[in-house]
Structure formats: C-alpha cells, structure tokens
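Quick note: the sequence shown uses our numbering, first residue 1, plus one each step. Don't be surprised by glycine CBs; every beta carbon is placed ideally from N, CA and C.
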Amino acid sequence: MLKVDNKLLETFEENLDPSNPTAHKIPVKVLGYGEISTTFQIGGMDELAFKRMPAFPTNIEGENYCKAVKEYCDILEAAKVCVLEYKFEQITNSDGENIVYIVQPRLEAETLGNEFIKKCSDEELNVVIYKVLYSIASIWRKNKKDGPEEIVGLDAQISNWVFHKEIFNADSMPLYLDISTPLFRRNGKETLNTEFFLKSMPFFLVWIVKLAFLKEILDRYYDMRSVLIDISANFIKEGQIKRISSAIEIINRFLKNEASDLNIEPLSRDEVLKYYQSDKFIWSFLLGCRRLDRFIKTKLLCKKYNFILPGTIKR
C-alpha cells in the first residue's frame, strides 16, 4: 500500500519553484524528467516516487485524467501486462492550479530497464527482452480481436520497464512503469485529450506542433512494429549502441516464432538508426519550443512558468 503524507505533499507543492525545483525547504531529488512531467523523491516519503503532471484547468479535468489512466491500467492488466502499483493525489495550490501527482514505489535504479541493460549479460538480455515482447504481443493480439472499435497503444521503450530480482523465474514478468499517458482509442478517437500534450508549447507554435508532430508521435504507439523499432532505438539513447544488433536479433526471432500470428516484418539496423535520428530531432525541437515559451513568459511577460524543464539531454 502506498502511504502518502498529504500535508507534506501540499507543503511541497506550495513551495515548489518550477524554475529551480530542488531549491526547496523540504529535501527533494529529481528522479527523472518526462516530456511533460517530472518525477520527485520527497524527503519524509523517500520510499515513494511522485510524478507531477502539468496543471489542469479544473478539478474535473484532473479527475477525468485520473479515470482515463486507471481505465488504461485496467485494460493493460486484463491483457496480461503487469502494471507497477500506483495511486493519484490531486492538489489545488494557492495559485488555483489543479495538480495531479501519480504516486508509485520508488525503485532501485538497477531494476529500471535503462540501467539493467547496461550491466546484464547477453543471456539475461535475451530473457528480459523476450518477456517484454510477450507483454507487447498480448496487447496487439487484443487489438486484433477488439479492433477497430477499441485499440490500445503502448510506449514500450526499455526505460519504461522494471526488472525486479525475481525476473528470471519462469512465471515472473516485468512491470510496466510509465502509465501517465493513457493510450487507447475508441472508434478511432483518442480517449486522452491530445491538447494535454500541447500545454507547454508557445501559443504561436501550437498549430505547427499539432500538424507536424503530434499525430506522428501518437500513431507510433499504436503500431507494434513502430513500438519495436522504438525499443531498439532506445538502446542508442541509453549509450548501448553495441547491443542494438543483439536486440534486433532477439526481436526478429520472436516475431518469426512466438509472434508469427501477428505477421510483422522483421526489423533492420538501418531503419532503427534512421528512426533514432528522426526521433532525436522531434524531441529536441519540442524541448527547444518549451524553452522558448519559458523565456517569453518569465523574461518578457514576467509571468510564472509552471513546467519543469530538464537541462541538457544526452540523446
């Protein structure tokens, strides 16, 4: 059970400076930056991780977001994807901002997929990738059965999986970590309000991002082959380019044997490298847009900027 000290969390939120989040009277550590979220370890609740989402205009919109995430997690679990324990905390701060925190257990760094792949043996890599692939395939078998009325997407990059110490037991599966983007469509319509992704974009660039990038970014998570290419490219981001060939070989073997019913073409190293460069450009461009927005609001308009941006990201 995830036990949250609500008063401490409220104090943390009230005293949080998005421009300098670790300058806080409560000891705080940034565990990770997402594209629109930041995950904290808060002193006094060190066993927990708090993912702070962008402010919602109303409490109802925040509640609807939480309902969508819960429904998404229920769908994943029903498809036999194991989801890491979570709960929601909603706070309205003194600025009237409606903030949602997704609370999960704080994990040891070595159990996170992006750290695990840096130290594991080739045999261990084969085991964990196969188990991730079984989880992914279960989603696309569900889509094959239930689509097009309902289809489910997944951001399955290796950093979104937890490989606990029992992972090498035959019946043990990895835990899916990043539940903050509920990816499921009903009758072709995204359940999540896609404007959610555009909150941190400068107003004069929103239409460009919406037309040029948003659909491409979302669509890739609904196509299993694109998801597998993304997993492979993730090895480059994590400094493990030497293991890409092994990862692709494992994936292609799985597609040929265990997932032959899904009729997915094998991956090639060249297309993974090409995808990585395209993905790197998209996210670098979007981060640049967000930094421009922060500059305009804080330096030119003297307004508060409520998004927490990372420093230099090595991709």
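Taking all protein chains in view, the Cβ of Glu238 is crowded by 16 or more other Cβ atoms within 10 Å, so the residue is classified as buried. In the three-state DSSP reduction, Ile102 falls in the strand class (E or B). About 5 Å separates the Cβ atoms of Phe50 and Tyr101, confirming a contact at the 8 Å cut-off.
In the DSSP assignment, Arg186 falls within the unbroken beta strand (DSSP E) covering 184 to 186. By the C-beta criterion, the stretch 56 to 65 is judged not to be in contact with the stretch 263 to 281, since fewer than 3 inter-stretch pairs fall below 8 Å. The stretch 149 to 165 and the stretch 223 to 243 touch, with no fewer than 3 CB-CB distances between them shorter than 8 Å.
Collapsing the DSSP output to three states places Gly113 in a helix.
Rounded to whole angstroms, Asn143 and Ala78 show a C-alpha spacing of 12 Å.
For Ile151, the three-state secondary structure derived from DSSP is strand. Spatial neighbours of Gln240 in its own chain (CB-CB distance under 8 Å, excluding positions within 5 residues in sequence) are listed in chain order as Ile117, Lys118. The shortest C-alpha to C-alpha distance from Leu183 to any of Ala212, Ile139, Phe203, Leu211 is the one to Ile139. In the three-state scheme derived from DSSP, where H, G and I count as helix and E and B as strand, Thr11 is classed as helix. Pairing Tyr222 with Gly153 gives a Cβ-Cβ distance under 7 Å. Counted as a single uninterrupted DSSP element, the beta strand (DSSP E) harbouring Ile42 occupies residues 38 to 42. Here the alpha carbon of Tyr134 sits roughly 24 Å from the alpha carbon of Tyr276. Residue burial annotation: Ile251 is buried, with at least 16 other C-beta atoms found within 10 angstroms of its C-beta. Put simply, the stretch 253 to 260 does not touch the stretch 184 to 199. Fewer than three CB pairs are less than 8 Å apart.
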